[in-house]
Structure formats: structure tokens, C-alpha cells
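Enquirer: In the numbering used here, the protein residues as written are 609 to 771.
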Ligand SMILES: [Cu+2]
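See the structure below:
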């Protein structure tokens, strides 16, 4: 038991997503762990990821989102085009009955434009998800640093001072 517990603790430490993931239920919809990557303060855009599960008998559709931290938002997906991965806007995301849709890096996401405040690790921000049937659902989005570093932020300004 002791061994198992410490194994869990160790494996848990590999993830820097805060351990208290938020989840929400709105009618038949279950919204799990909305999160964003932490970004340097100068970043003009960001993205929100989450999982939406539809436990009902009828499909529902996410048609938009808004948040006070962004000037505007769009629903995006990633597509492969000529060997390149690019993202493009989509009008809506259907969550079929009994299915769940995962918004994740490299896939669907809520794109945040014109960020009003930096996405700082450990903070959270409110977001309203707008569904065709379930209506508006308020969630909180956690900002974490959960992604493997793709590129290092350019923070090497404190270089060597030669006298
Ligand atoms: Cu995008």
C-alpha cells in the first residue's frame, strides 16, 4: 500500500497541471478540466482546452464561448494541409449523445484573441460556454504549465555583463 501510494505521488509530480481539476455538470453535459497553457505576458493569443461529455440521449453543439480575459474567441480545429499542421475556425462542435469530445493541444480548442491579462500558471479565469441546447454554462479555466516545452521562451536577456 505504501509503495503504491508513493508511486502515485511520484507519477503525479510529472504533471504540472494543478491537481484540483475543475469539472462541471450542466444537464446532460459534463465538462471536465478546462485549462490553458501558461504564456509569457506578451502573448497576444492563447487557447482553452477541455473535455465535454454528453451523457444524454440527444446531441448538443458548442457554438461559442466568451471570457473576460480575451477580446474575442473562436472555436478552432487543427487540420493537416500539405504536410503542415494549421488551425482554422469552425462554427461549432457537435457533442453526440453518449460521446465526448476532447479539446486538446493539436486538436480542437477555444482560441483566445486579444488577451486582456497574461495567462499565469496557477491562476484561473472564467469562461462561458454556449451550447445550442444546454445554453450558457459558466466554467473556470485553470492555467497550468502542463505541456512539454516546444520552444523555450526568449528569456535569456540576463546575459553576461562584460566589464
Ligand atoms: Cu487556434
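Cβ coordinates follow ideal geometry from the N, Cα and C atoms, glycine included.
Quick one, what's near ligand 1 if you take every residue whose CB is closer than 6 Å to any heavy atom, in chain order?
Expert: Those satisfying the condition are, in chain order, 655, 684, 695, 717, 719.
Enquirer: Between residue 667 and residue 656, is the Cβ-Cβ spacing less than 7 Å?
Expert: Going by C-beta atoms, residue 667 is not nearer than 7 Å to residue 656.
Enquirer: With distances taken Cα to Cα, identify the nearest neighbour of residue 747 among 723, 708, 696, 676.
Expert: Comparing Cα positions, the closest option is 676.
Enquirer: Between the beta-carbon of residue 737 and the beta-carbon of residue 673, is there less than 7 Å?
Expert: In contact: residue 737 and residue 673 (Cβ atoms closer than 7 Å).
Enquirer: When you compare only the Cα positions, how much space is there between residue 679 and residue 716?
Expert: Roughly 20 Å separates the two Cα atoms.
Enquirer: For residue 708, report the span of its beta strand (DSSP E) as first-last.
Expert: Counting along the chain, the beta strand (DSSP E) containing residue 708 begins and ends at 708-711.
Enquirer: Any chance the CB of residue 643 is under 6 Å from a heavy atom of ligand 2?
Expert: No copy of ligand 2 occurs in the structure displayed; its ligands are ligand 1 alone.
Enquirer: What is the DSSP secondary structure of residue 649, counted as helix, strand or coil?
Expert: It is coil, neither helix nor strand.
Enquirer: Just list the beta strand (DSSP E) runs in the region 633-685, keeping only unbroken ones of 3 residues or longer that don't cross its boundaries, in chain order.
Expert: Segments of the beta strand (DSSP E) lying fully in the region 633-685: 637-645, 654-662, 668-674.
Enquirer: If distances are taken between C-alpha atoms only, which option among 691, 660, 729 comes closest to residue 649?
Expert: Nearest of 691, 660, 729 to residue 649, Cα basis: 729.
Enquirer: Taking 8 Å as the limit between beta carbons, can you name the residues of its chain near residue 695, skipping five residues before and five after?
Expert: Hits under 8 Å: 684, 685, 686, 687, 717, 719.
Enquirer: Within the same chain, show all residues whose beta-carbon is closer than 6 Å to that of residue 703, passing over the 5 residues directly before and after it, in chain order.
Expert: The residues are 660, 662, 668, 709.
Enquirer: Cα separation between residue 739 and residue 745?
Expert: Distance between the alpha carbons of residue 739 and residue 745: 8 Å.
Enquirer: Taking the DSSP output, what are the residues bridged to residue 746?
Expert: Answer by DSSP bridge pairing, in chain order: 736.
Enquirer: Write down the C-beta distance between residue 742 and residue 637 rounded to the nearest angstrom, noting that I regard them as a contact closer than 8 Å.
Expert: So it is a contact: roughly 5 Å between Cβ atoms.
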